[in-house]
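Working notes for the structure below.
Numbering (UniProt numbering), first residue to last: 1 to 210.
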């Protein structure tokens, strides 16, 4: 797959993210924990490498044209395990909220899967469990497409829909007079989309603009 011009709507989200953070965080909680965590994380990376929609990044070399989606490779830092000093459910949620400060640069790291395990006290889970959080900028995936990307990583065979195809229309400018100010509101939780497996929670964490 070669380079593809970014659709106007995605280009606007990408340009606006320099002022208004747009990363979405889709949270999934699973019953149990892997017997071999390293092997499990490697399996997720191989799943990502097998999906062309997870092997994209942005090339943005000219201010007079739209950015492009270009092929890239999946790197080890895109699937990371976090050690929790407090392994409780509420401490895990606090750690997830803290991820908001580390917005991704689509030119370098288009998505990241954060894995927390073991986590204790997950609603509906008696013993230790796994919390997996897919972080993706809005230009790459909205909630529905993000859920499809996560489902693929977790083993679902359904194909992932492609990024928005370019459509004819007026050129979207990179800015507007006076610029844009970041929203003062912090991240909020919203009902999430469906995932796969023994899932007990699916939540999107995103920026709320009042």
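Note that beta-carbon positions come from the ideal geometry of N, C-alpha and C, so glycine has one too.
From a predicted model like this one, the values you see are computed outputs, not experimental measurements.
For residue 134, the first and last residue of its enclosing alpha helix (DSSP H): Taken as a continuous stretch (DSSP letters only), residue 134 belongs to no alpha helix (DSSP H), being part of the beta strand (DSSP E) at 129 to 137.
Pull up the distance between the alpha-carbon of residue 2 and that of residue 86, whole angstroms please. Approximately 45 Å, taken between the alpha carbons.
Outcome for residue 184 when other beta-carbon atoms lying within 10 angstroms are tallied against a minimum of 16: Low confidence applies here, because residue 184 scores a pLDDT of 36, under 50, leaving its location unreliable; read the following figure in that light. It is exposed - the Cβ of residue 184 has fewer than 16 other Cβ atoms within 10 Å.
Under 8 Å, with one C-beta from each stretch per pair, do the segment 144 to 155 and the segment 31 to 40 reach the 3-pair mark? Contact fails: fewer than three Cβ-Cβ distances are below 8 Å.
Segments assigned alpha helix (DSSP H), at least 4 residues, entirely inside the segment 45 to 113: Residue ranges of uninterrupted alpha helix (DSSP H) with 4 or more members, entirely inside the segment 45 to 113 and ordered along the chain, are 89 to 98.
Less than 9 Å between the beta carbons of residue 134 and residue 120, yes or no? No. Outside cutoff.
Nearest CA to the CA of residue 54: which residue from 40, 63, 74, 60? Nearest C-alpha to residue 54 among 40, 63, 74, 60: 74.
Quick one: any contact between the segment 42 to 59 and the segment 140 to 152, if contact means 3 or more CB pairs under 8 Å? Touching, per the Cβ criterion.
C-alpha gap between residue 60 and residue 126, whole angstroms: The C-alpha of residue 126 is placed about 48 Å away from the C-alpha of residue 60.
Just the Cα atoms here: how many angstroms apart are residue 176 and residue 12? Unreliable placement is indicated for residue 176, whose pLDDT of 42 sits below 50; the coordinate value is still reported in the next sentence. If you draw a straight line from the Cα of residue 176 to the Cα of residue 12, it comes to about 11 Å.
Under the rule that 16 or more other beta-carbon atoms within 10 Å means buried, what is residue 145, buried or exposed? By the neighbour-count definition (other C-beta atoms within 10 Å, threshold 16), residue 145 is a buried residue.
Spatially closest choice to residue 31 from 77, 147, 132, by CA coordinates: Comparing alpha carbon positions, the residue from 77, 147, 132 closest to residue 31 is 132.
With DSSP run on the structure shown, which of helix, strand or coil describes residue 31? Residue 31: strand per DSSP, three-state reduction.
Quickly, what does DSSP pair residue 23 with across the bridge? List them, please. Paired residues: 137.
Can you check DSSP and say which residues form a bridge with residue 154? Note: residue 154 sits in no beta bridge, so no partner.
Under a Cβ-count criterion, where at least 16 other Cβ atoms within 10 Å of its own Cβ denotes burial, should residue 63 be classed as buried or exposed? By the neighbour-count rule (16 or more Cβ atoms within 10 Å), residue 63 is not buried but exposed.
Residue 136 beta carbon less than 9 Å from that of residue 23: Closer than 9 Å, so yes.
Do residue 40 and the ligand ADP come close, with the Cβ less than 8 Å from some heavy atom? The ligand ADP is not part of the structure shown, which contains no ligands of any sort.
Under a Cβ-count criterion, where at least 16 other Cβ atoms within 10 Å of its own Cβ denotes burial, should residue 158 be classed as buried or exposed? So residue 158 counts as exposed.
Against chain C, does residue 40 count as a neighbour if the rule is that its beta carbon must be under 9 Å from one of theirs? Looking at the structure shown, chain C is missing, and only one protein chain is on hand.
Give a yes or no on whether the C-beta atoms belonging to residue 68 and residue 108 are separated by under 9 Å. Result no, Cβ atoms of residue 68 and residue 108 do not sit closer than 9 Å.
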